[in-house]
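Let me begin by presenting the structure, written as C-alpha cells, before commenting on it.
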C-alpha cells in the first residue's frame, strides 16, 4: 500500500517506497536524528529540505515547542503533514516552498529559530559539479546561520560523496565567518554501519552531519 506506514524509534513515518527519494525514509540518517534529543525540547525548530518529515517528526517527538518543515515537493509535504497528524504532533507545520526563497523571507521578517536543520539533496552528484556544489553549500549554510540566536544550533548535512569532510568543515567555517558568528561543534555523525565505508574508497563515506552551536 502507498503510503507505507513505518514505525521507527516510536515515531510513525509515512513514505512512498516506489516513487519517493531513497524510499522516502532516508534510513541512513536515523542515527544522526538522535542528535536532536538533547537540543530541541521547548525549542523552535526549522527543518529545511524536510521531504516526508524525517528530521521534523523526530524534533517534534523529542519535545520541540514548534516545528516548521520546508520542502519544494508538494507530495512529500502531504505525507509529512499526514504523519504529524497520525503522531499527534500538533505543533508541527509543513510548507511547500523553495528553501532559498523561504530563508530569504524568514530573514526579511527577522524570524529566528533555536534549531535549524539543513539536510539538502546531493548538490554534487559528479566531481565535475563539485565547485558549483561548494558554492551552494556555502550559501545555504550562511542563510541558515542568519536565523540563529545566540546558543542556537545548526544541524547541517551533506550527502555528496565527492565533498570531503575537510571541505565540508571548511565551508562551514567560511559561512560562519561571512555571517560574523562563532560556533562550537556539539555533535558529529555519519552513515550507520549498514551503509559501510569501504577502505581505500573514500567516496563511500558520503554522509556528513555536524551540529554547531552559535556562541557569538
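Numbering (this note's numbering), first residue to last: 778 to 993.
Note that CB positions come from ideal geometry on N, CA and C, so glycine has one too.
As the structure is a computational prediction, the values presented were derived from the model and not from experiment.
Residue 831: member of the alpha helix (DSSP H) spanning 831–838, first to last residue.
Of the candidates 825, 878, 791, 969, the residue whose Cα lies closest to the Cα of residue 857 is 791.
Annotated three-state conformation of residue 858 is helix, per DSSP.
In the DSSP assignment, residue 823 falls outside any alpha helix (DSSP H) and within the unbroken beta strand (DSSP E) covering 821–825. By the criterion of at least three beta-carbon pairs nearer than 8 Å, the stretch 899–916 is in contact with the stretch 925–939.
The DSSP-derived three-state label of residue 915 is helix. With fewer than three CB-CB distances shorter than 8 Å, the stretch 802–819 does not count as touching the stretch 871–887.
Boundaries of the beta strand (DSSP E) harbouring residue 791: 788–792, taken from the DSSP string.
For residue 869, DSSP records a beta bridge to 844.
Annotation: the stretch 907–981 contains the following complete segments of the beta strand (DSSP E) (minimum length 3 residues), in chain order: 930–935, 960–967. Here residue 843 has 821, 868 as same chain residues with Cβ atoms under 6 Å from its own Cβ, once five neighbours each way along the sequence are excluded.
Counting along the chain, residue 987 sits inside the beta strand (DSSP E) bounded by residues 985–991. A direct Cα-Cα distance of roughly 8 Å separates residue 991 from residue 922. DSSP, reduced to helix, strand and coil, places residue 817 outside both helices and strands of the structure shown, so it counts as coil. Within the DSSP bridge table, the entry for residue 782 names 791 as partners. Residue environment: residue 810 is assigned as buried (16 or more neighbouring CB atoms within 10 Å of its CB, all protein chains considered).
According to DSSP, residue 892 shares a beta bridge with 822, 930.
Counting of Cβ neighbours within 10 angstroms places residue 985 among the buried residues, the total reaching 16 or more. A buried status is given to residue 968, since no fewer than 16 other beta-carbon atoms sit within 10 Å of its beta-carbon. Rounded to the nearest whole angstrom, the C-alpha separation of residue 951 and residue 976 is 30 Å.
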